[in-house]
Structures are given as C-alpha cells and as structure tokens.
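From first to last, the protein sequence lines are chains A and B.
Using this note's numbering, the letters of the first sequence map in sequence onto residues 1 to 480.
Using this note's numbering, the letters of the second sequence map in sequence onto residues 481 to 950.
Note that the Cβ used here is the ideal one computed from N, Cα and C, for glycine as well.
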Amino acid sequence: MSELGSSAATPIAEPPSKRRRVHDDSLDSTPRYGSPDGAAQSSPPNTDHLPGQGLSIRRAPRTTHDKTHHHRHRDEPPIRPNYQPHLLLQGHTRAISQVRISPDGRWIASASADGTAKIWDASTGAHLETLVGHMAGVSCLAWAPDSNTLATGSDDKAIRLWDRVTGSPAHAVGRRDNTGEAAGVAMKALIGKGGRRARVGVSGEGVRGGRTGRGALLGHHNYVYSLAFSPKGNILVSGSYDEAVFLWDVRAGRLMRSLPAHSDPVSGVDFCRDGTLVCLRTLVHEDNPAVTNVCFSPNGRFVLAFNLDNSIRLWDYVSGSVKKTYQGHTNKGFSIGGCFGVLSDTDDGIEKEDADQEGTRRQAFIASASEDGDIVMWDVESKQVIQRIKRAHEGVCFSVDVHGGTMVSAGQDGLIKVFRHRPRNLSLKQENGESDGLNGANGHLGKSDTPDAVAADEELQRQVEADAGSPGQHVKEEHL
Amino acid sequence: MNLLLSDDYLLQDYPENITNTIRSGHSTCVRFNRRGDFLASGRVDGTVVIWDLETMGVARKLRGHSKNITSLSWSRCGRYLLSACQGWKAILWDLQNGKRHREVRFRAPVYGAELHPWNHYQFAAALFEDQPMLVDITDSADVRYVLPPVQKRPNTEGDAALKEKHAKEDAKHMTTAIVYTAAGDHLLAGTTKGRLNIIDAKTREIIYSEKIASGIITTLRLTESGKDLLVNAQDRIIRTFHVPNLSAADLDPDTIQIPLEHKFQDVVNRLSWNHVAFSATGEYVAASTYNNHELYIWERGHGSLVRMLEGPKEEQGVIEWHPHRALLAACGLETGRINIWSVTSPQRWSALAPDFAEVEENVEYIEKEDEFDIHPQEEIQKRRLDQEDEDVDVLTVENGGGLSEEVAAFRMPILFNLGESDSEEEFVNVGLGTLRRKSPGDQDEGEMTGEEKGPGKKAGGTGRGRGKKK
C-alpha cells in the first residue's frame, strides 16, 4: 500500500496552541479510576497542577516509603513521572500489538497486525525501516541488547530476526543461495509499486526447527506470542500459543531447548538481568486470573505479571508470593503490555553538585497500557497512580515501553505516540517566568499556555486526522 | 542457574556424567575464559573456535594459523585471546572484531604461550628446542627477552673444559611449560630434566630451581589464587605443590621452599597422564589418561581418588575445568570432539506449582478450622491488598553472584554469518531435535554438532531422518 511507503512521523511541529505540561485528570479520575483504598490516597498525586502547593501535597503520602532507601535524599521531592506528548508516529495500517524502545534508547520498533514491523528514530520520529516478511500479523518483538537486531514473532508461527541497519533479515547461516533475500527484495518492490502485500513464495525459506537461510525461526505450532532476548543477546526465548517455550540459539538460528511445562498458551516471557532465568506464566494465585504478560524488575528480583482481572501483580518469585497489586487500569480481554520505568535525577534535569554514582537518585515506577486507551503509571511502593495519560489512544492501548525519560505507546488505532518526561520543578519555574529554555527536544511543546490536556489531545487527534488523509489509515481491527 | 532458586549447594562439586559433545573440526586444546561463559578451542587446521557455553554453539571463528594450535590463553577481561601454534607463531586476537590484534613470530614451534594475568600486552612462551621467551607487545614493535633455561652457575671463572661441559649440559635443558604466578611478577617454568624454575619477570633471572620430577615436565597449572601448583610429568606422577607468596616484599630467593603436597599416580595400571587440571577452587585434580578412556578425579584434602569419569570410548587429550562450575571439558584425541562432563540437576516439578509440596509418603491431612470457609470475594480481595504493605526494592542489585565485579565487562558481539565465512562447514538439519550429525563418511572435514546426551533425544532426532540439507 502506498501509505506504507509514505509513512512518516508527525512531530508536533509548530508550537501548538495547547499546553501539555500538566495532565489535568484530577477532576474525573478519582471516582472512576481511584484505587480501591479510596479517594483519599489517589487524589494527592494529582494535585500538582496547583503550582503553589503541589510540592508539599505530593510529598505527603510518600514520606513513609522514602525513608527505607534514599536516606540522603529524604528532603528532596521524589522524582515523579510527568510524561507529555512529544511525537506522533503513523504508518501502520492496523492495530499495533507491541512497541519497544531499543536498549540504547535511540530507536523504536513497532509490531502491527498489518504483518509488518517498523523501526523509528526515537528522537526525531523519522520512519527508518518497514520490515516485511511475515505472512500474518506480528504480535510481538524484542530488541537484542546491542540494539542492532530485532526479533519479531508473528501469527504465522515464525520468528524473524532483522538487522536494524539494513532492514533485511539478519540470518545468513548455512545457506549460500539467497532466495530469502531475493524474496525480500521482491516483496519490497511490490510494495513500492503500491500493490497489496503479495504472498510471495517465501514459505520454503525457513526450515523447521533447524538452520535456516535468511529465513525465519520455525518450530512453533501456533501463534508466537511473546519474545525476549537474553542479556548477552545469545539466546532468544519465545512463548507461543502452542503452550511451549522455546529457547533459540540466536547465532546459529537453531532451536536449543524447548520447555514444555505449560498447559496454557504462553503469553509472556522475559529474561532476568543475569540471564539465568526465563520467566513464564506459572505463578499460581488463588483464583488464577490469566496472566497475559510478564516482566522482570530492573534488579531481577521480582516479576510483574499482568492479569486479566484489571490488576498488575508484583511477585516475589523466590517465595512465590504477591508483594503488590496495582489497579486502576482496565484489562479484561486483551494482552496489554507495560514495563518498569526508571527515572533518575538526570532525567529530572537536576544538575547535582556531587555527580557520583551514589548521589544519583533513581526512582522506579510501573507503566501500563489500559484498554480504555489510557496509560497509567504507578508508584512501586505505594501502589498509587502517579500519572495517567488519558485517551492516549483511540480504542485499546496495547503496549507501553519506557526508557528513561522517553515513553512510547501504541494502540488499536495504529498510531504510536512518544512521550517525554518533563521535570515538574522545571515547568513550575518556567511558569513563574524564571527560566524559559526547556531541554531542546521538546521545547516546542512548552511554549503555549493552555493547561488543558484533554483539549491538547483533541488537537493532537485533529492533527492525526489531517495527516492521515488517505483511507485505510484508521482501519480498526480487533487484535487477536 | 539462578542463584536464588537453585539448590546447587546440594549437588556435587565435581562432574558426574557426560552431558554434551560439541564439535568443530578436530580440536586439540581448549580453554575457558575467566567468567566461564566462553570456551576457546584450537583445531588441528589452525582455526580457533569460540564456543558459547550457554547455547553450546559457535560464537566466533578465528582464522590465521595454519598449523595445529598448541595453547590458548584468555586475557583477564575476556576480550583478548592468545593462541600459539606449531607453525612458529602466536596471535593475540581481539574478540571485539575477531581480527588479529598482534602477531608474533618465533624461530621454533611454540609449546605454550601464556598471557600475563593482568596485562594482555605481555606473554611468556615456551618454545620447542629453544629458550623460552618473554614478549612485550605494548609498542608496535614487539620486544622479546630470552629467559634462561638453567640457573646461573656461581663459578663462572672455572676452566674452559668445565665451562664447555656445563654449556653442553645446559643445552639439554629445554623449557617445556611456563606459567605466570597470580600476581604476574614471576614465572614458573618446567624443563625437560624435571626441574622447576622460578623466574623473576622483571630481572628475567632464575631465582630458584629444583628438580621436582624425574621425567619431562609436561604441564604446569596454578589455581586461581596462585597458591597451589599442579605438575604433570612423564614419570607417571602428578604432583601438587604449595607455592609461597613470591610477591612478598621480603622475599629471599635462598629461602624459597616449594613443599610437595600430594603425588597422584595409578600404581596398579602404571598409567601415565595426558593432561591435568585443577577444579575451580583447587579442591579437586582431574587428569586424562594415556591409552585409556577414563578421566580421573582426585580430591586434594586427603589425596584420594573420588571418581573415574567414563566417557566416549576414546582417549582424551587436553582437559579443562570450568572456572566456577562443576564442569569439565576434554578433547577427544581421535575424533577431536570436545566432550563436556557436568552434573545434571534433577528437575523439580513441584516448582511448577508452588502451592503443592512434595511429600515422601502419604500424609493424612487435617484441615484447619477456617481453611475451606467461603468468604465474599471482595473481602478476600481487600484482605489481600491490605497485606501488601511490605516495601519492595526493585532497583538495587544484590551482589551475591561473586563475579559481579565486572559489570561493564567485555561483551562479545553476536554474529549471524558464521556459516558464510566457513566454506568447509556443512550443516545437517534434523527436525526439531537437537541432534545433528553428518553421515560418518565425511566427518573429518569439520562440522559442528551439538549433541545432547539426553534420554529420548536421540530417538527423536533419528526418527526424523538425516536428510542432508544444502
């Protein structure tokens, strides 16, 4: 389709008339989305749109947790996520199932039900590559730790590895003929001509469970549902609807081991930070709500499991107990994604006098998509919603990924949004006229003066519609 | 495996049975890197192959030698690898890009070359029928220092005949093995006459020399701490020694003592030993046997034989113990395969359902009073949420692993095009299993197999047929 070729990012170019600094969801979110403990806890995080008192109120519920770690910073306000819209990436013709930022933070990859994956530049939003080859919707993807290789898993039961730079399949083991490459070129050519993505005969490319040419890793009997690389990048783990977890030797492209321990579709896999453990959905809870996604905490000590009962649970996998339950988003029917986010002082724009390692404060939070199109962020300790981006996506928001000060989300509407963290104290200062130069990349967002996020999103939406003039851009498809 | 979950401390600390066989060409020597995630193997055709122990697959191939590789030595950071071959040269490889970093040519085949433990720009080499050398490659032109094979004689003023006689005698002393001490300021060298020399790496003079064996010393190995020395000699005896701290400031060369600790030998079969290795901690000593298929493992505390490892019906050459696991790699002399012995941890199926516990025998279960009471859902939910007031720390990394000192350690790039660069390799694809072996006729060309010696695996593999792909 021609839109595929002409897909482009839409940076919100001219200084928009809406100010997106503050997300004003305090008025309606409390009754509707408040955590079960009631309004008393969920309202303080949302009070910061009152610049005068925001700091003190915000700090109040956190003091108990602060003293457990970060002793030396007890007097400072905690770092709180404040992600504001930054870029809008469009090009996918159908719902986007997963979006991930590369480990070095420079690239964004998105997997879509339209059978393609796309690579974007995280800072400019430029569309770099469209990865065509899967015969069905792509449901998952994973970045190799060196950020140069991308793995995609699809409903066509195949896993493909891609070279980020060339956009071509990364595998070249054991084959000297280049049918796979030729087929890829042919497909690209077809797309270039504006034809439909044709079913070119690439099915012979991959070989079951063995070495392949520039083909796919085949072996799963059903949809490939989740992927993760080991920290060293030598092993790829895949979870599939066929109830198996496969470990792949990335170099040779061969199936190394299969872990047949499940009796349900495996919907989430992740690697521990030292690469010794693969996480699966075998955590048992009393009422066993289905787990759709898992991810390890940054230190590999806990597992975050996304349950289909509107909650996210933090498990201590050694003792097998639930430590925390995060609620406030909607998750009943879809496999939605989220992750841990870590913000440090540098993301907050605070220049520390003592810039040594000990002095850097790091604050973790949990970000998740929601089926009502929101993005919700919780404080790890207090389980409170600390930021909610409302209506980030039309329909279901499927996937959120955070890398430092950058957050990216994707949803059913086929759009990807990039958000940037903007330190609150800076924006407060700016409002008081004390400083005007925001950090360059998102400076254009902060110049105007309408603190109405809903209106801002409408503006964004209008822009989307204007840019997406061609039909088929907004085809909404139920994912899976 | 994950330290938090594994019960590895219950397992044995020496390997038990053969778990893997890997093959790429005909390997003659192997060496683990310090972290133990890669294994370098040197082949008869001069290729050096780096194996990833996690995947049991080839991670890199280094081509540059044309003759049999005789020794391999990793740098501390794991980025550089020194390989020496019979073709009179040694190459220092940079594994970042797989290119040769430096190449040093000698005037004789190299028995063995070992990198300085802290400085990868310095190494010592034992040469065939020549004097050992200390090579410094810090500058672009390498600097070589010839090391003395015998201690200086005090009476240099003696008559010409005696001098000549001494010179003749000295000429028979050849250094066959050379290693650095842990600190790197001394070298231990073994000679054809069974002498152990301690050489000061700075002055390059022998500060101590003693005859410790009656035959040629073939292998010298030190533990990681450098306090124990393992010597294999052709007199069919493996000896362990305590090495004093040679870097002590008040070291007096005249008082150095290298006390013998154990002698390991098989007095019944009169076996001689191909190669020896210390275990990770130095607690065990392993040896491969000449004209025999077994590997012997002794325990050093009492000096008793604890295990004879059965393997394939093949004599094993070079053996290596993993730097921190109970894993032993050995090269088959005949086929050139690398056989790996380790412990297989039993599967803990109860881990799949943490709310179930394994019991030895039937237990009558008495339920608690309120155990099966039905509570309203909300109440349960609320109670559960109330319990979650513990503080969790999701960021701090616990340093329990021991090897966490190298956080920013070298990471080898992942290569995809290993097959392409390798014209002689052919891969055989056999279905879903992991068994891939070529038909017996063309085994010697150099293929790669990763057989898993697991129950049922073999049958599954052959069942799918051995169609040769290509």
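Residue i - DSSP class collapsed to helix/strand/coil
{"i": "A228 (chain A)", "result": "strand"}
{"i": "E795 (chain B)", "result": "coil"}
{"i": "E594 (chain B)", "result": "strand"}
{"i": "W801 (chain B)", "result": "strand"}
{"i": "L308 (chain A)", "result": "coil"}
{"i": "H666 (chain B)", "result": "strand"}
{"i": "K352 (chain A)", "result": "For K352 (chain A), the predicted structure reports a pLDDT of 41, less than 50, and the residue's modelled location is therefore unreliable. The matter cannot be settled from this model."}
{"i": "E649 (chain B)", "result": "helix"}
{"i": "E394 (chain A)", "result": "coil"}
{"i": "K862 (chain B)", "result": "helix"}
{"i": "L642 (chain B)", "result": "helix"}
{"i": "Y481 (chain A)", "result": "Limits of chain A in this structure are 1 at one end and 480 at the other, which puts residue 481 (chain A) out of reach."}
{"i": "S97 (chain A)", "result": "strand"}
{"i": "I498 (chain B)", "result": "strand"}
{"i": "Q84 (chain A)", "result": "strand"}
{"i": "G521 (chain A)", "result": "Examination of residue 521 (chain A) is not possible in this model, given that chain A is present from 1 through 480 alone."}
{"i": "E129 (chain A)", "result": "strand"}
{"i": "D372 (chain A)", "result": "coil"}
{"i": "D493 (chain B)", "result": "coil"}
{"i": "M613 (chain B)", "result": "strand"}
{"i": "Y845 (chain B)", "result": "coil"}
{"i": "Q631 (chain B)", "result": "coil"}
{"i": "H421 (chain A)", "result": "strand"}
{"i": "R313 (chain A)", "result": "strand"}
{"i": "I389 (chain A)", "result": "strand"}
{"i": "P298 (chain A)", "result": "coil"}
{"i": "V400 (chain A)", "result": "strand"}
{"i": "V332 (chain A)", "result": "A small correction: the amino acid at residue 332 (chain A) is Lys; Val does not occupy that position in the sequence shown. Coil at K332 (chain A), not helix or strand."}
Cβ separation of residue i and residue j, assumed to be a contact under 8 Å, to the nearest whole Å
{"i": "W107 (chain A)", "j": "S147 (chain A)", "result": "6 Å"}
{"i": "V711 (chain B)", "j": "I697 (chain B)", "result": "6 Å"}
{"i": "A809 (chain B)", "j": "E800 (chain B)", "result": "5 Å"}
{"i": "I101 (chain A)", "j": "A122 (chain A)", "result": "6 Å"}
{"i": "F419 (chain A)", "j": "I386 (chain A)", "result": "Between I386 (chain A) and F419 (chain A) the Cβ distance is about 14 Å, and since that is not below 8 Å, they are no contact."}
{"i": "T955 (chain B)", "j": "G762 (chain B)", "result": "Because chain B in this structure spans residues 481 to 950, residue 955 (chain B) falls outside the shown range and cannot be described."}
{"i": "V224 (chain A)", "j": "K332 (chain A)", "result": "V224 (chain A) to K332 (chain A), Cβ: 23 Å. No contact."}
{"i": "V723 (chain B)", "j": "L709 (chain B)", "result": "5 Å"}
{"i": "A593 (chain B)", "j": "W568 (chain B)", "result": "Not confirmed; about 12 Å, so no contact."}
{"i": "L519 (chain B)", "j": "S555 (chain B)", "result": "Contact doesn't hold; Cβ gap of about 15 Å is too wide."}
{"i": "W531 (chain B)", "j": "I498 (chain B)", "result": "Their Cβ separation, rounded to whole angstroms, is 16 Å, which puts W531 (chain B) and I498 (chain B) out of contact at 8 Å."}
Residue i CB to nearest heavy atom of the ligand SAH below 7 Å
{"i": "L131 (chain A)", "result": "Summarising the ligand content, the structure contains no ligands, and the ligand SAH is consequently not present."}
CB contact below 8 Å: residue i versus chain E
{"i": "R587 (chain B)", "result": "Looking for chain E here will not work: the only protein chains present are A and B."}
Going along the segment 217 to 246 of chain A in order, which residues come within less than 8 Å of chain B, judged by CB to CB distance? Residues passing the 8 Å Cβ filter: G219, S230, K232, G233, N234, I235.
Continuous beta strand (DSSP E) assignments of at least 3 residues falling wholly in the segment 682 to 750 of chain B: 686 to 691, 697 to 702, 708 to 713, 718 to 722, 740 to 744, all fully within the segment 682 to 750 of chain B.
Extract the residue ranges of the beta strand (DSSP E) inside the segment 551 to 597 of chain B, only unbroken runs of 3 or more that lie entirely within it. Segments of the beta strand (DSSP E) lying fully in the segment 551 to 597 of chain B: 560 to 565, 569 to 574, 579 to 585, 590 to 595.
Interfacial residues, the segment 538 to 549 of chain B to chain A, with Cβ spacing under 8 Å: Residues passing the 8 Å Cβ filter: V538, A539.
Does the structure place the segment 645 to 653 of chain B close enough to the segment 589 to 606 of chain B that three or more beta carbon pairs sit under 8 Å? Here the segment 589 to 606 of chain B makes no contact with the segment 645 to 653 of chain B; the two share fewer than three CB pairs at distances below 8 Å.
Validate contact between the segment 397 to 410 of chain A and the segment 329 to 348 of chain A using beta carbons, cut 8 Å, 3 pairs: Using a C-beta cut-off of 8 Å, the segment 397 to 410 of chain A makes contact with the segment 329 to 348 of chain A, since at least three inter-stretch Cβ pairs fall below that distance.
Is the segment 672 to 686 of chain B touching the segment 576 to 584 of chain B in the sense that three or more CB pairs, one from each, lie closer than 8 Å? Output reads no: the segment 672 to 686 of chain B does not touch the segment 576 to 584 of chain B.
Against chain B: residues of the segment 137 to 154 of chain A by CB proximity under 9 Å: Correct list: A144, P145, D146, N148, T149.
Counting pairs of Cβ atoms below 8 Å between the segment 407 to 416 of chain A and the segment 363 to 375 of chain A, do you hit three or more? Output reads yes: the segment 363 to 375 of chain A touches the segment 407 to 416 of chain A.
Compile a chain-ordered list of the residues in the segment 604 to 631 of chain B whose CB is closer than 8 Å to at least one CB of chain A. None of the residues of the segment 604 to 631 of chain B has a beta carbon lying less than 8 Å from any beta carbon of chain A.
Does the contact criterion of 3 or more C-beta pairs under 8 Å hold for the segment 219 to 239 of chain A versus the segment 142 to 159 of chain A? Short answer: they touch.
In chain order, what residues of the segment 792 to 824 of chain B put their CB closer than 7 Å to some CB of chain A? Within the segment 792 to 824 of chain B, no residue has its Cβ closer than 7 Å to any Cβ of chain A.
For the segment 513 to 536 of chain B, list every residue whose C-beta sits within 8 Å of some C-beta in chain A, in sequence order. Residues of the segment 513 to 536 of chain B whose Cβ lies closer than 8 Å to any Cβ of chain A, in chain order: D517, D532, E534, T535, M536.
To be precise: take each residue of the segment 697 to 725 of chain B, compare its Cβ to all Cβ atoms of chain A, and keep it if any distance is under 7 Å. Which residues remain? Among the residues of the segment 697 to 725 of chain B, none has a Cβ less than 7 Å away from any Cβ of chain A.
Within 7 Å of chain A by C-beta, residues of the segment 496 to 511 of chain B in sequence order: So nothing in the stretch comes that close.
Validate contact between the segment 723 to 734 of chain B and the segment 748 to 757 of chain B using beta carbons, cut 8 Å, 3 pairs: Output reads no: the segment 748 to 757 of chain B does not touch the segment 723 to 734 of chain B.
Give the residues from the segment 559 to 578 of chain B that approach chain A closer than 8 Å (Cβ to any Cβ), ordered along the chain. Close to chain A, meaning a Cβ-Cβ distance shorter than 8 Å, is no residue of the segment 559 to 578 of chain B at all.
Could you list the residues in the segment 396 to 413 of chain A with a C-beta less than 8 Å from some C-beta on chain B, going in chain order? Taking 8 Å as the Cβ-Cβ cut-off against chain B, none of the residues of the segment 396 to 413 of chain A qualify.
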